[in-house]
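First the structure, in the form of structure tokens, and then the observations on it.
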Amino acid sequence: MAALQGEIASIRIQIATTDIRRQTEKKTLDAAWFHRAKTALRLKQQELAQVTVHLATFDKRAAPNHRDAFKDTLIEVVRENCNDQEWAGLVQRARDLHASQGGNHG
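Count the sequence shown with our numbering and you get residues 99 to 204, in order.
Encoded structure:
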């Protein structure tokens, strides 16, 4: 990601320095070069956006949120304090309630 950001900065600097040099030398704009440079800049920015989105989804999958962690802990505590028959009854009640609310789970 840092490499992409560096490439984007480099393209921007090239565009800016070329434009400043063109202005000081009172030359015309090289439209073909400018178009290629702007296209390269746009493609690098799109690539950076895709990498950023991909990394954001990876982070969400890698670290469970606080609520999920609490639910896991709650289940662990309840499971420790129930015998097998009570646990099976609670699981069935949860499945029935979840199904009545339109959910679908194991």
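Ideal placement from N, C-alpha and C gives every residue a C-beta, glycine not left out. This one's a predicted model, so the numbers in the text were calculated from it and none came from an experiment.
I'd like to check one pair, residue j with residue i: are the Cβ atoms closer than 7 angstroms?
i	j	result
residue 138	residue 111	no
Taking the alpha helix (DSSP H) that residue i belongs to, which residues open and close that run?
i	result
residue 169	164–178
residue 188	182–198
residue 117	100–122
Please name the residue, chosen from the options, that lies closest to residue i on a Cα-to-Cα basis.
i	options	result
residue 113	101, 130, 99, 148	130
residue 140	153, 198, 182, 105	105
residue 133	148, 155, 117	117
Can you find the residues in the same chain that come closer than 8 angstroms, C-beta to C-beta, to residue i, ignoring five residues on each side of it along the sequence?
i	result
residue 103	146
residue 150	99
residue 143	106
residue 183	none
Apart from the five residues on each side of it in sequence, which residues of its chain come closer than 7 angstroms, Cβ to Cβ, to residue i?
i	result
residue 127	120
residue 135	109, 112, 113
Comparing the C-beta of residue i with each C-beta of chain D, is any distance below 7 angstroms?
i	result
residue 106	Looking at the structure shown, chain D is missing, and only one protein chain is on hand.
Check whether the Cβ of residue i lies closer than 6 angstroms to any heavy atom of the ligand NAD, and answer yes or no.
i	result
residue 133	With respect to small molecules bound, the structure shown includes none, and the ligand NAD cannot be examined in it.
So residue i packs on residue j, CB below 8 angstroms; how close in whole Å?
i	j	result
residue 193	residue 185	In fact, because the Cβ distance is near 13 angstroms, the residues do not count as touching under 8 angstroms.
residue 180	residue 188	7 angstroms
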